[in-house]
Each structure stands twice: as C-alpha cells, then as structure tokens.
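Have a look at the structure below, then the notes.
In UniProt numbering, the protein residues as written are 1 to 851.
Structure, rendered in structure tokens:
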C-alpha cells in the first residue's frame, strides 16, 4: 500500500483544516485527483484517525451538501428504529454546535431514514421533528448543567411535546415509550466528549455492532503483508521505551533485555531495508557508550568501570557488523566512537599501523602522545600532541602500567573486532560503502575548512581517518570505480592545502596514500589510465615541497613500476611517470603554464606557418624540435586549481595514440580544459652535449631510487616502446645532468628537514606545522649520502648504452606487431643522437671512474 506513508501527515493536516488535508491526500495518491464524493465519504467514515469534530464541521458546511448527501446514504437504516439509527449516525462524527447546522444534518438524516423504512410517517418533516426531539431528550437526561436547572423530562412530558406533529396525528405511543426508555438508560455518546471507562465501553459496543454488519467481515491475507506497516507504527514508542529502561536501570538482566530489544528492532529494520531506523538505533546506542561526545576527553577508567557502557559499545559494533548493508548516516557515529578510542589511546594497533615506503619493514605506527618540546625563539609553545612514528614509541606506551579498568576497556574493545569494519567493507552493498567512504572523508577534512567550521584543526585526526579511508578503498579495489572520483578529489584537496598551509606530515601521508592506491589499483588494467592521471596532482606542488617528500614519491614510483609497468600503454601516461621521476629524482622543475602573451605569440606563428601535415616534416638536422609543434589552446580556458597532466604534445595530423618524437607538456584543468606549458625538448644542436634543463637540488636517496626505476624499465625490453621512447631518453639524460660531477645535492652543513620517524614538530596556536624544521631537529639520515650514489653515473652510462643498442630493435618489433609509427620518426634524431650526446656528456665528468 504505497499511500500508507502519507496517511499520518495527511491526517494531521485534516485534523487542523479538513480542506487542506483532503488536498494533501489527493496530491499524494491516497484519494484520486478527480473529485469523487463517494470516495471521500468512504474515506471519512473508515479512517479512525480523523477527528470526529472536523468531520462534522466538513460535512455540515453548506458548500459541501453533495458530500453530506453521499455521507448519509452510506448508512442502511432499513428496519431500524429512529433512535437506534440516530445512534449509528452520530457515532461517526460530532454534531456542530450551531442550530442551523444541526438542522441541516438532521434534515438529510430524517429524509434518508424515512425512505429506508417505507415512509412510516405522514411526511419527512415528522421524521425530522422526532429526530430533533431525540437529540433534545438525550441532552435533557444526561447533561449535568440542564439537570441542575430543571428536573429531567418525564415520559409523559416527552409524549406531550410530540403530540400532533406527525402531520397532525400522533406517533405510535409504544414506540415513544421505547425511545424514551432507551435514551434514558443508554446515552447517545459522542466519542470525542468522553474518556475512561465510559468511552471504552462505548468503543467496545461499537466494535461488536460493526462485527455484526458487513463491515465486520474478516478478510484473510498473507501473514506478513502488513508487518512493515505495523512496525513503522510501533517503532518510535518501542525505541523510546527501550531507551528509557536501558538508561534508568542498573540491573544487568534488565538492561540486557533492553539490548535484546534493540537488536530485534535492528533485525526487523534491516529486513525491511529501513535505513533511517537503523541509523537511529546506532545513534541511540552510541549515546549510551560514554564515548560519543568527542568534545570531552574520554576517561578510559570510567568506560572500563561501566558494564552498561561496554554492553552498549558491543551492541553498536555487533549491529554494524551484522547489518552494515543498511547503515547510512550511522557510519559517522560509529567512526566518532573510534575517534574517542584513538584520543584515549585505546584504538587497536592494526588501526595505527600503516604502510610506508621508506621503512625497512614497510610499516610505521601512528601514536598520539603528549611530548614536551624545547622552547623555540617565539616561546609560545608549551607542549603538543605529536605523532610518534617509530617502534620504540609503541614499546614505551605498552610498558606503561594499566589499571584494571583500562585493561577491562581494552578487553571489551578487542572483543568487538573493530578490524572487521575495514575487512568486511568489501562485502557491503554499494550504497552502504559510499556512505562509509563519505563519512571517512567528512572526518578527514583538511586544514582549508578550519575557518569555515570555526574550530581548531587537528592534523592528527585527519591523518588517522585518512589512513582508514585508504584501507577501505584498498579492500574494495575490485569495485573502486563507484568511489574513486570522490576519493581522488579528497586526496587532491588534502595534498594541495597541506602543501599551501605547511602541514608537512599530512602532506607526506596524503602523497604516500595516493601512491599506495596507485600501486594496488593499477594491477587492474582498466583502472590504470585513471590512476596514472591522478598522479598529475603531484606536479602541482612547489619544487621545495617536492624536494621534502621526494624520497616517498621515488620509492612509491619504484614499487608502482615493478608491479604495474606492463599496464601503462599510452604516451600520455608514460609522460606523467617520467616527468615525476625527473622532478623527484633529478630535481627538475615541474612544467609551468605559458603566459597569455607567449601563447598568443605562438598562436600567431602557427597561423603564419599553417598546421597542415605537409608542413610538419623532419628537418635536416635529423629530428624535429618539440617547440616546433604546439597544440593551440583557447586563451579563454578557465584557470582553476587542478592536478597537472603531463601530456605529450602531438602533431595534429598524427592519429590518436600514435607515438611521436615530441616531448612538450600541457596542463589539464579540473574540468578537462587544456592549459599549455613550457615544453621540454631534446637539444636542437646535434653537436652540443648539455641538455637544456633547469635542475634544482635533489636528495641522493631519491635519485638512486629513480635510477633503479629507470633500470627496471630499460632492461626489460617489453617496457620501452615508441610510445615512451622519447620520454625515457629525455629522462635518462636529465639524470645524467643531475649526477654529473657528483650531483647537485644539498650541502651537508645546511639546514635539512627532519626525516626521523619521530615526527616532532612545533605548531602554532591553531595546530599548524611550520614549513621547515629547525636545524637541531634534523636527523643524520638525510645527511648521509648512500655509497651507491656516486656510482649512479656508471649505471646511467650502462642504461644509455643499452638503449642505444636496442633503438632499432624497439621500433622494428613495434612495426612488426602492427603498431603505428609517426611518419617523421628518425632513429638518429630520436635515439642514437641524444643517447650519444648523453654518453659524451659523462665524458665531461671530473671523476676518474666515470670519464
């Protein structure tokens, strides 16, 4: 019955204003849109929730005479005495108080009764007079105000009042005696005017009387047809009653039975997929755990000492584990419980253990504990909560003595299997999964929303929920497309704002998280293009920021290529990979957008030279410079903050996905708009040795790791194709320039950022991390130059030799397998010449073992 959900609201409207209520019923399909008096009167009589007073007002309105006539004709008064017929009539509504309206209602009643009984009186007016007399007798006999003023009417007085009103004749005297006695002994009760035993007795009689008519016929239906409707009716009162019992009782047996009631309600709600009810149950139980208020500090001792709070806590997670498919907004309340556990250092270790590329075992531990900091020059910091990410920190925490109550709290939490929330998320229905991801995103909001929310930003909490979000996404990697876009956008927002507002640890964990997702998701070949394109956002970061996190990115790229290089196929995707390698390993500057003036000048050149295929030819020097091929872009394109797309500029005449010898770059906006950038090109002078590239500082570890990535690609012939050959050659030559004469690394005596796994950082009053660490916080880890760093040039020389000897083979095999190759391809210009230039460039190295 689809109209049932609208009944309560419509009844409320009707009981306030009948006309408005009927319009509501018509709008929502309970009543037909076309006016039907018979349908309306049936609804008025059979709906017990309607106010009898409002029904009387509506049918007695002179504008609704058609309704009144249809309403009276619903009654079958055949062979029923007039007073009994009047009882049946008046029990369905209350007579209005005005005499004209009472007369109107009784006129229609008397006329219908008179016809139903074969016109026993002289005329219908006689029936009207008798009916009115019955009403007056009922008032005289049972109204207390009338009794105090006058003595009740006797039977003889009643007969006397009706003498000669039947068309000049008298009514049957025996009939009048029976009417008098019936009214005197049994009041005509108006249901709305009585309460208690009188009303209950009346309602019982009405029920018995209806049972003897056709309205009391029992219709057999399937046993569960109305279960959902019945549950929706009793749902609110039942939960209120259970909540009251649970909150007020300290008896274990009592509140456990209340919890059983909550569990039954949850099972029924899940059976009918009533997500709102289940969310309300989760919220109700969360409030009984003593952990729901995240604004107050959680007391582990109080929680461990309250069996009732622990029972509610267990019930919440049992409910979520069993009925997670039907949880929607309730996810946020569950996560807030976990946040309270985290603030109290009660969260399970598996929630704190996260992946990291730079640790030997590949994992770090996030622990929130108070740390006393040394005084800074500003002298405005006393202490802070800092993330300690080292195994020694966890040992110190575990060695701290725990009270019996705290141990009991830990035992309770362990029994709830919180890890199951993450691992079982892969079994959730898609809508439930999307709501879980949404809740995690809401709780891992970035520093940019601090002002809008008007509260102090907590970087620790953001990182904690970000790690949970990543774990959920990885668990659902086989169906990630339904959540990928919102996760991608969230990571982009965190990375950009953490970089801009100098939240170093949040930036690091966001970048590591992006790479972790890329490593897992790119194993699916269909997801590979979207994932690689998401790495564009890293090229938006400032050069100094990329330098700080270059080790994490270089290690992440290495793992990515080892597992999924075979799934990268397009020139565009390879361009992003090689550009990232150059930026984080060799310290190359990310591509910059062209100014409008330069763009206009290049567009004019294009218009002058033409863009036809015949004008794009290989020059006499053996290859064509990238600067000679520029993709025209509208100057009106919007410039929004967006991830960078490292995309190779192609010749307009070249088919899509055809490898070319060009190496320019463009930026793509958030809506896909193209923004041109300064292109990177191989040297136009085949007799020159140095590559025209702008390199900054780099970290030795980053360069080594990126060189390992290059070696992995170059030494497997399947990974280098005409699609990425140009990018690979340019990347190798960039690393040659970066490693020349020992490399351009940061001086060991200069200030370094701290890469100690103990990430202790000074914060401002609102919790913001500084852009750089103080010199005395620096760790010797970054100052150390790996032993293999100075052998990098030898390794690059070997890679260039390998590429040089395989150049012809790469292009020949590609052509034999049916791959397309651009017409202007020149092996000398694309391969042999730049590779020989790179080899010759190393001859300029001042280290004996190199030259």
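Heads up, the beta-carbon is just placed ideally off N, CA and C, and yes, glycines get one too.
**Report entry** Own chain residues within Cβ distance below 7 Å of residue 574, not counting five before or after
**Finding:** 568, 723, 724 and 727
Report task. Pull up the CB-CB distance for residue 507 and residue 498, whole angstroms please, since I reckon it's below 8 Å. Result -> 4 Å
Query raised in the report: To which residues does DSSP link residue 166 through a beta bridge?
Result: BP columns for residue 166 point to 169.
Requested in this report: Measure how close the beta-carbons of residue 41 and residue 6 come, nearest whole angstrom, since I'm counting them as under 8 Å.
Outcome: Between residue 6 and residue 41 the Cβ distance is about 20 Å, and since that is not below 8 Å, they are no contact.
Query raised in the report: In or out: residue 265 buried (at least 16 other Cβ within 10 Å) or exposed?
Result: buried
Requested in this report: Give the DSSP-derived three-state secondary structure of residue 17 in the structure shown.
Outcome: coil
Query raised in the report: Should the stretch 791-803 be called in touch with the stretch 708-717, which here means at least 3 C-beta pairs below 8 Å?
Result: As far as the Cβ criterion goes, the stretch 791-803 touches the stretch 708-717, which means the pair count is three or higher.
Requested in this report: Sort 812, 792, 802 and 828 by Cα distance to residue 847 and report the nearest one.
Outcome: 792
Query raised in the report: Which residue's Cα is closest to the Cα of residue 106: 338, 134 and 80?
Result: 134
Query raised in the report: Name the DSSP beta bridge partners of residue 588, please?
Result: 695
Query raised in the report: How about residue 717 and residue 800: do their beta carbons lie closer than 7 Å?
Result: In this structure, residue 800 does not lie closer than 7 Å to residue 717 by Cβ.
Query raised in the report: What are the start and end residues of each continuous alpha helix (DSSP H) run of 4 or more residues lying completely inside the stretch 81-133, in chain order?
Result: 82-90 and 99-116
Query raised in the report: Is it buried or exposed for residue 204, if we count other Cβ within 10 angstroms and need 16 for buried?
Result: Exposed is the call here.
Query raised in the report: What are the complete alpha helix (DSSP H) segments, minimum 4 residues, inside the stretch 789-817?
Result: 792-816
Report task. Select from 460, 437, 494 and 56 the residue whose C-alpha is nearest the C-alpha of residue 473. Result -> 437
Query raised in the report: Mind checking if residue 539 is an interface residue toward chain C, Cβ cutoff 7 Å exclusive?
Result: Checking the listed chains, one finds no chain C in this structure; it contains a single protein chain.
Query - For residue 438, the three-state DSSP class (helix, strand or coil) - result: helix
Query raised in the report: Which value, in whole angstroms, describes the spacing of the CA atoms of residue 699 and residue 417?
Result: 42 Å
Requested in this report: Using the Cα positions of residue 117 and residue 234, report the straight-line distance between them to the nearest angstrom.
Outcome: Inter-residue distance for residue 117 and residue 234 is about 45 Å (C-alpha atoms, whole angstroms).
Query raised in the report: Out of curiosity, what's the CA-to-CA distance linking residue 103 and residue 167?
Result: If you draw a straight line from the Cα of residue 103 to the Cα of residue 167, it is about 19 Å long.
Query raised in the report: What are the partner residues of residue 354, as DSSP defines its beta bridges?
Result: 364
**Report entry** Other residues of its chain near residue 719: CB distance less than 6 Å, five sequence neighbours each side excluded
**Finding:** 565 and 713
Query raised in the report: With 16 other CB atoms within 10 Å as the buried threshold, where does residue 844 fall?
Result: exposed
**Report entry** Contacts around residue 74, its chain only, beta-carbon distance under 8 Å, and the 5 residues preceding and following it disregarded
**Finding:** So the qualifying residues of the chain are 41, 42 and 45.
Report task. Please report how far the alpha carbon of residue 349 lies from the alpha carbon of residue 429, in whole angstroms. Result -> 27 Å
Requested in this report: Assess, as a yes-or-no matter, whether the stretch 56-71 is touched by the stretch 89-97 under the definition of 3 or more beta carbon pairs within less than 8 Å.
Outcome: yes
**Report entry** contact_flag[the stretch 524-533, the stretch 544-553] where n(CB pairs < 8 Å) is 3 or more
**Finding:** Two segments are said to touch when three or more pairs of C-beta atoms, one from each, lie closer than 8 Å; by this definition the stretch 524-533 does not touch the stretch 544-553.
Query raised in the report: What residue from 802, 228, 290 and 274 has the CA that sits closest to residue 247's CA?
Result: In this structure, 290 is the residue among 802, 228, 290 and 274 with its C-alpha nearest to the C-alpha of residue 247.
Requested in this report: Return yes when at least one heavy atom of the ligand ADP lies under 6 Å from the C-beta of residue 197, else no.
Outcome: Ligands are entirely absent from the displayed structure, and the ligand ADP is therefore not among its contents.
Query - Exposed unless 16 or more other CB atoms sit within 10 angstroms - verdict on residue 406 - result: With 16 or more Cβ atoms within 10 Å of its Cβ, residue 406 is classed as buried.
Report task. Measure the beta-carbon distance from residue 702 to residue 585 and round it to whole angstroms, keeping in mind my assumption that it falls under 8 Å. Result -> Contact flag correct, Cβ pair sits at about 5 Å.
Query - Cβ neighbours of residue 352 in the same chain (closer than 7 Å, five flanking residues each side left out) - result: 365, 366 and 367
Report task. Measure the Cβ-Cβ separation of residue 554 and residue 412 and say whether it is below 7 Å. Result -> no
Query raised in the report: Would you report the Cα separation of residue 300 and residue 524, rounded to the nearest angstrom?
Result: When rounded, the separation of the alpha-carbon atoms in residue 300 and residue 524 is 44 Å.
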